[in-house]
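Chemist:
This is the structure we're talking about:
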C-alpha cells in the first residue's frame, strides 16, 4: 500500500492528474523533464520537435513511460501532431437548455490517437512535409459537455466543415468568457451530425469545460462576433477566425460561412436535438 501511495504521489502533476512520462536525453540518459498524459502523447511522439530550457530536441522514441530525446540544431522548424479523438459518454451529470439547444454535462471516456505529424517553419507556418507514424493510442476519463448544432442544408463536406469551424470558434473564443484556459480544452466535432463535444483536456478533468458549459450562451455569441468581424475572404477562414493551433486535422475541413449560419440559428433559438453520431468521423 505504501509503495502504491508513493507511486501516486510521484506521478502527480499540477498540469493534470494523468500519469507522467519521463523525458530522457538520448546521449546521457539523464531525465531532463516530464509531461503528464495525454499532453505527453501530443508533444513527444516519435519525430516530434520539442523545446526544453532553450534547447531543441527531436523525439527518437516514446512508450508511454518515457520519451528519448536527442539534442539537435535549431533549424526554425516545429511539428504539429496529426490526431483524432473518439468520445464515449459514461454518465450524464446534468443537463440544461441554452437558447433552444440541450446541453449535457457528462463523464466521458476519450480515446486519443496520434498517427503522424506535420513539419512547419516557425516564422511563416509554411508546411514542409507530412509524416505518418505507427498509431499511438491513449484512453482517459474526463468531464465535458455535448450539444448539437442546428441542421444546415449543405453538401456533406461543407456541412462537416461548418460544424468543425463552430467547434474551433467556440473553444478559441472562450478565453475572454472563462478567463483563460482554452488551451486546456479539447473539442470533437462528430462529422456531419452536428454533435460537438467540449471537454477538459487533462485526465480526471479540471473544471474548465464546466465553466464553458455554464457560460455557453455568452461563448456562442462571442464566437459569432469573432467570425463576423474577421475580414478574411477565405472559404475556410483564417487563423484569426476559424483556425485552431490545437487542431489535429491540419485545420481541414472548415467552412466559415456555414459556421456563421449555424451559430446564428443556434442563438436565435433554432431547435437542435443530439443526433446519432456513431458512424461519423471525428474532427478535432
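In the working numbering, the protein residues as written are 58 to 341. The beta-carbon is built from N, C-alpha and C at its ideal position, and this holds for glycine as well.
#1: What residues are listed by DSSP as bridge partners for residue 92?
#2: Expressed to the nearest angstrom, what Euclidean distance is found between the alpha-carbon atoms of residue 217 and residue 134?
#3: Write down every uninterrupted run of the beta strand (DSSP E) in the stretch 217–252 whose length is 3 residues or greater and which is fully enclosed by it, in chain order.
#4: Helix, strand or coil for residue 105, going by three-state DSSP, please let me know.
#5: Could you check which residue in 260, 308, 293 has the C-alpha nearest to that of residue 165?
#6: Out of curiosity, what's the CA-to-CA distance linking residue 111 and residue 329?
#7: Rank 268, 193, 151 by C-alpha distance to the C-alpha of residue 171 and give the top, closest one.
#8: Out of curiosity, what's the CA-to-CA distance linking residue 60 and residue 94?
#9: Taking 9 angstroms as the cut-off, decide whether the C-beta atoms of residue 106 and residue 78 are in contact.
#10: Report the rounded CA-to-CA distance for residue 353 versus residue 136, giving the unit in angstroms.
#11: Helix, strand or coil for residue 184, going by three-state DSSP, please let me know.
#12: Tell me the DSSP secondary structure of residue 292 in three-state form.
#13: Return the bridge partner residues of residue 177 from the DSSP annotation.
#14: Assuming contact is defined by CB atoms lying nearer than 9 angstroms, are residue 205 and residue 146 in contact in what I supplied?
#15: So residue 125 is in the beta strand (DSSP E); what residue range does that whole segment cover?
#16: Return the CA-CA distance between residue 209 and residue 319, expressed in angstroms with no decimal places.
#17: If you measure between the beta carbons of residue 266 and residue 256, is that distance less than 9 angstroms?
#18: Rounded to the nearest angstrom, what separates residue 284 and residue 98 at their Cα positions?
#19: With distances taken Cα to Cα, identify the nearest neighbour of residue 186 among 321, 235, 293, 307.
Modeler: Reading from the atomic positions:
#1: 78
#2: 31 angstroms
#3: 242–247
#4: coil
#5: 260
#6: 49 angstroms
#7: 193
#8: Confidence at residue 60 is low in this model, with a pLDDT of 46, below 50, so the placement of that residue is unreliable and no value is reported for it.
#9: no
#10: Here the chain comprises residues numbered 58 to 341, so residue 353 is not present and cannot be evaluated.
#11: strand
#12: coil
#13: 135, 184
#14: no
#15: 123–128
#16: 7 angstroms
#17: yes
#18: 31 angstroms
#19: 307
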